[in-house]
Amino acid sequence: MAYWLLKTEPDAFSLADLKAAPNGTTVWDGVRNYQARNFIRDGMKVGDKVFIYHSSCKVPAIVGVAEIVNGPYADPSQFDASGDYYDPKATAEAPRWFSVDVQYRETFNKPVTLQAIKADPAIEELALKKSGRLSVMPVTEQEWQYLCGIASK
DNA sequence: GCCAACGTTGGC
DNA sequence: GCCAACGTTGGC
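My numbering puts the last residue of the first sequence at 215; the count rises by one with no breaks.
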């Protein structure tokens with residue numbers, strides 16, 4: 063099993079929205095960055111755990127946990143000509159973008175804020191700290207355990 | 001295949 | 001809303 067971090071803008075789709083969704087499950091679509099795409103397509107497996115991170119908001123933070131319950135599979139939004147994520151170069155035979163289904167697991171009582179992550183010398187290697195713009199990134203088991211520990215304090 | 005221009009992300 | 005960082009595009 064692997065660990066990941068997924069960013070979302072809570073104004074558009076929050077962890078609370080995921081919790082309230084049917085079965086607490088949603089398709090994680092609209093990722094349009096190749097590095098992020100490669101993590102989804104080549105790395106993600108059913109059963110992997112993911113941190114949900116709220117970005118572009120008052121207090122950017124890791125706010126809880128979800129789990130991958132389906133996929134990866136071709137992101138359906140790339141074929142929707144009327145949608146914002148349409149990609150005219152993508153075909154069913156050669157899809158360009160990929161999705162997984164994620165299911166709600168947990169909301170942290172104490173979210174791990176970006177401020178705390180940046181200030182913590184023990185979290186030197188977390189990708190969130192280094193490459194701020196990536197929307198899908200791997201998390202090591204050590205980082206996962208450490209961050210869960212902070213969130214439960 | 002280089003690189004300048006451009007667009008997007010996301011913290012502040 | 002500003003702007004730095006950085007990914008993508010397209011001319012050459």
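Yeah, the Cβ is synthetic: ideal placement off N, Cα and C, and Gly gets one too.
These numbers come from a predicted model, not from an experiment.
Item to check | Distance between Pro-183 and Trp-159 (C-alpha atoms, nearest Å) | outcome: 35 Å
Next on the checklist: Across the region 116 to 131 and the region 66 to 73, are there enough close Cβ pairs to call them in contact, namely three or more that are closer than 8 Å?
Outcome noted: yes
Checklist entry - What did DSSP end up calling Arg-103 once you bin it into helix, strand or coil? => result helix
Next on the checklist: If you measure between the beta carbons of Ala-123 and Val-174, is that distance less than 7 Å?
Outcome noted: yes
Checklist entry - Cα separation between Glu-205 and Gly-194? => result 17 Å
Next on the checklist: On the CB-based measure, 16 or more other CB atoms within 10 Å of its CB, does Ser-144 come out buried or exposed?
Outcome noted: exposed
Checklist entry - If you count every other CB in all the chains shown that lies within 10 Å of the CB of Met-199, and 16 or more means buried, which is it? => result buried
Item to check | Alpha carbon of Gly-86 to alpha carbon of Gly-109, nearest angstrom | outcome: 15 Å
Checklist entry - Would Gly-45 pass as a contact of Leu-77 if the rule is Cβ separation under 7 Å? => result Outside the modelled stretch of the chain, which goes from 63 to 215, sits residue 45, for which no answer is possible.
Checklist entry - Taking the continuous alpha helix (DSSP H) assigned at Ile-212, which residues delimit it? => result 203 to 214
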